[in-house]
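Q: Sharing a structure with you now.
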Amino acid sequence: QVQLVESGGGLVQAGGSLRLSCTTSGIIFTWYRMGWYRQAPGKQREWVADISAGDYTNYADSVKGRFTISRDNAKNTVYLQMNSLKPEDTAVYYCNVNVRSYTYWGQGTQVTVSS
């Protein structure tokens, strides 16, 4: 059974930092690309960043230079370091993985950035 559990969200002032974690189970973590998405109130879920099994990373333009995605294969965990946070980064953040054409999601973690 594949499970993804996010943590690390919270309330932070603009300009601050947070680090999100997503711990997985039920998959061979080293085989898969991992992604982070976010969904703001009243908006569609949007892709934020992803990291391949070989540690290649990609970022949405809106977070490039401020967010860093990384993975710890020994801990089956993917991270999202978020710096220079802006109020428009406020959203529920989700991690995901595609396994045999099925997409698994975590329950999400709330990030709120106050101005």
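Residue numbers for the sequence shown follow the numbering used here, beginning at 72 and rising by one. Idealized CB from N, CA, C, for every residue including glycine.
1) Inspect the CB distances between the segment 164 to 176 and the segment 89 to 100 and report whether three or more fall short of 8 Å.
2) Can you give the beta carbon distance from Leu75 to Val168, rounded, assuming they're within the 8 Å contact cut?
3) Using 8 Å for Cβ pairs, my map puts Lys157 next to Ala85. What's the rounded Cβ distance?
4) Using a Cβ-Cβ cutoff of less than 6 Å, which residues in the same chain neighbour Arg116 once the five nearest sequence positions on both sides are dropped?
5) With Asn129 as the anchor, note down where its beta strand (DSSP E) starts and where it stops.
6) May I have a chain-ordered list of the beta strand (DSSP E) segments no shorter than 3 residues that lie completely inside the segment 76 to 112?
A: If we stick to the structure as given:
1) yes
2) For the purposes of this step, residue 75 is taken as the residue at position 4 of the sequence shown. For the purposes of this step, residue 168 is taken as the residue at position 97 of the sequence shown. With a Cβ gap of about 7 Å, Leu75 and Val168 count as contacting.
3) The residue you call residue 157 lines up with position 86 of the sequence shown. The residue you call residue 85 lines up with position 14 of the sequence shown. With a Cβ gap of about 6 Å, Lys157 and Ala85 count as contacting.
4) For the purposes of this step, residue 116 is taken as the residue at position 45 of the sequence shown. Contacts found: Tyr108, Gln110.
5) By one-based count along the sequence shown, residue 129 stands at place 58. First-last of the beta strand (DSSP E) with Asn129: 128 to 130.
6) 81 to 84, 89 to 96, 105 to 110
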